[in-house]
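Participant: Let me begin by handing over the structure; questions about it come next.
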Amino acid sequence: MTPLLFIEQLLNGLQFGVMLFLMSAGLTLVFGVMGLINLAHGSLYMIGAFAAAAVAAATGSFILALMASLAAAALAGALIELTIIRRLYDRDHLDQVLATFALILIFSEGTRWLFGSFPLFLDVPAALAGPVTLPGGIEYPTYRLTIIVIGFLVAAGMFALINRTRIGIRIRAGEADREMIAALGVDIAKLYTFVFALGAALAGFAGALVGAIQSVQVGMGEPVLILAFVVIVIGGIGSIKGAFVGALLVGLTDTMGRFLLPQVFALFMEPSAAVSIGSALASMLIYILMAGVLVMRPRGLYGVS
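For the sequence shown, position 93 matches number 116 in the numbering used here, and the numbering has no gaps at all.
Now the structure itself:
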């Protein structure tokens, strides 16, 4: 293991972390403000990826593809909230889980009907293809580095939105006491629609960005959704700061664990067995991390105590 390879894996962990932040930021807002368990959040990630792939194929523009992912996911989110989710706020969590699970099936089959069962591919734009040389002679893919930068910019924008704007004050107030802000004249229904659409847009944007690295296919959002739930449990439900810190912790833990553990076990056993055992343990690390955080802070790192 060389220092350059170690730093490259750290950057991969950061890239994975900021992608998880884009996915989990909206999820933690929806759960924190609305008290809603939305299992269909991964489907919005998938919608953004398919919208980006379709627009890129039609226009050849990656910028238009990203804009399409934001618009398609936000529109889908707003329509879901207006037609289905709005009827679930006063129901128990089991009803929410069943309804949003049904949405997963509807979106999966609908996407398969529109685009077919075969994966689509979203090419990295020419301007971001190839590596960039970082200090120390590290060559790292330009596109992955761009995802890291975009993720940090989005995080800064979300912090500013929640903490520095009037709508952010309303979102935080809605999380603390929705009945009170409704009594003060805030249209809580419009606020909920905005929050849900914002979360959907972030998920769709994440799907579009990742779609250029891996194939765009039906069901691609569900594995990421599981990790997003781990992130918000670690960071604390309803906290953007918690989602950001939790996402980076999960991204770095998962990436570095898969990189380091097989090499550590290779010092004591056969390489094939080391890879098998190390990879199996690495896949458990984020859940061990989550358990450790919950033991110390049951509401997460930045959850309200």
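A virtual CB, placed ideally from N, CA and C, is assigned to each residue, including glycine.
Between L87 and the rest of its own chain, which residues show a CB-CB distance below 8 angstroms, the 5 nearest in sequence each way excluded?
Facilitator: Result list for L87: V78 and A79, in chain order.
Participant: Taking the straight line between their C-alpha atoms, what separation do you get for R114 and E31?
Facilitator: Cα to Cα, the separation comes out at about 47 angstroms.
Participant: Put E245 into one of helix, strand or coil per three-state DSSP.
Facilitator: If DSSP states are grouped into helix, strand and coil, E245 belongs with the helices.
Participant: Considering just the uninterrupted stretch of the alpha helix (DSSP H) at T276, what are its terminal residues?
Facilitator: Run containing T276: I263 to F288, per the alpha helix (DSSP H) assignment.
Participant: Straight-line CA distance for G261 to Y325?
Facilitator: Rounded to whole angstroms, G261 to Y325 spans 9 angstroms at the Cα level.
Participant: Measuring alpha carbon to alpha carbon, tell me which of M279, Y310, G230 and V218 ends up nearest V253.
Facilitator: Among M279, Y310, G230 and V218, the Cα nearest to that of V253 belongs to Y310.
Participant: DSSP three-state label for P321, please.
Facilitator: Coil at P321, not helix or strand.
Participant: Any idea if F54 is buried or exposed, counting beta-carbon neighbours within 10 angstroms, 16 or more meaning buried?
Facilitator: F54 should be labelled buried.
Participant: How long is the line joining the alpha carbons of F219 and L67, rounded to whole angstroms?
Facilitator: F219 and L67: Cα-Cα distance of roughly 11 angstroms.
Participant: Where does V247 land, buried or exposed, given buried means 16+ other C-beta within 10 angstroms?
Facilitator: It is buried - the Cβ of V247 has at least 16 other Cβ atoms within 10 Å.
Participant: Are the beta-carbon atoms belonging to I192 and A48 less than 8 angstroms from one another?
Facilitator: No, these two residues do not count as a Cβ contact at 8 angstroms.
Participant: From R281 to R189, what distance separates their C-alpha atoms?
Facilitator: In a straight line, the C-alpha of R281 is about 43 angstroms away from that of R189.
Participant: For E132, name the three-state secondary structure that DSSP assigns.
Facilitator: Three-state result, E132: helix.
Participant: Hey, would you say A226 sits closer than 8 angstroms to A95, going by beta carbons?
Facilitator: Contact flag unset, no.
Participant: For the alpha helix (DSSP H) containing Y335, list its first residue and its last residue.
Facilitator: Because the chain in this structure spans residues 24 to 328, residue 335 falls outside the shown range and cannot be described.
Participant: Per DSSP, what kind of secondary structure is E162 in: helix, strand or coil?
Facilitator: Reduced to three states, the DSSP call for E162 is strand.
Participant: Excluding five sequence neighbours on each side, which residues of the same chain lie with their C-beta closer than 6 angstroms to the C-beta of G10?
Facilitator: Since the displayed the chain opens at 24 and closes at 328, residue 10 lies outside it and no answer follows.
Participant: To the nearest angstrom, report how far apart V41 and I170 are at their CA atoms.
Facilitator: When rounded, the distance between both Cα atoms is 8 angstroms.
Participant: Between I249, Y163 and F175, which lies nearest to F267 when the distance is taken from Cα to Cα?
Facilitator: Closest by alpha carbon: F175.
Participant: Tell me which residues share the same chain as P142 and place their Cβ nearer than 7 angstroms to its Cβ, disregarding the 5 neighbours each side in the sequence.
Facilitator: Cβ within range, chain order: S238, V239 and Q240.
Participant: Around the C-beta of H116, are 16 or more other C-beta atoms found within 10 angstroms, so that it is buried, or is it exposed?
Facilitator: H116 comes out exposed.
Participant: Just curious, the alpha helix (DSSP H) that V147 is in, first and last residue?
Facilitator: Note, V147: premise wrong, no alpha helix (DSSP H); not H, not E.
Participant: Going by CA-CA distance only, name the one from G265, A152, L145 and A289 that's closest to L50.
Facilitator: Looking at the Cα atoms, G265 is the closest of the given residues.
Participant: Identify the residues that DSSP records as bridge partners of G294: which are they?
Facilitator: Note that residue 294 corresponds to Pro in the displayed sequence, not to Gly. In DSSP, P294 forms no bridge with anything.
Participant: Could you give the DSSP three-state label for T156: helix, strand or coil?
Facilitator: Strand at T156.
Participant: Do the stretch 273-289 and the stretch 302-320 touch if we need at least three Cβ pairs shorter than 8 angstroms?
Facilitator: A contact exists between the stretch 273-289 and the stretch 302-320.
Participant: Who are the near neighbours of G197 in its chain, counting only those whose CB is closer than 6 angstroms to its CB and skipping five residues on each side?
Facilitator: These residues qualify, in order along the chain: V56, I204 and L214.
Participant: With F44 as the anchor, note down where its alpha helix (DSSP H) starts and where it stops.
Facilitator: Taken as a continuous stretch (DSSP letters only), the alpha helix (DSSP H) holding F44 covers P26 to L52.
Participant: Could you give the distance in angstroms between the alpha-carbon of F44 and the alpha-carbon of M69?
Facilitator: For F44 and M69, the distance between alpha carbons rounds to 16 angstroms.
Participant: Are the beta-carbon atoms belonging to F288 and S92 less than 8 angstroms from one another?
Facilitator: Their beta carbons are not under 8 angstroms apart, which means F288 does not touch S92 by this criterion.
Participant: Roughly how many angstroms separate the alpha carbons of G139 and F85, rounded to a whole number?
Facilitator: Their backbone Cα atoms lie some 22 angstroms apart in a straight line.
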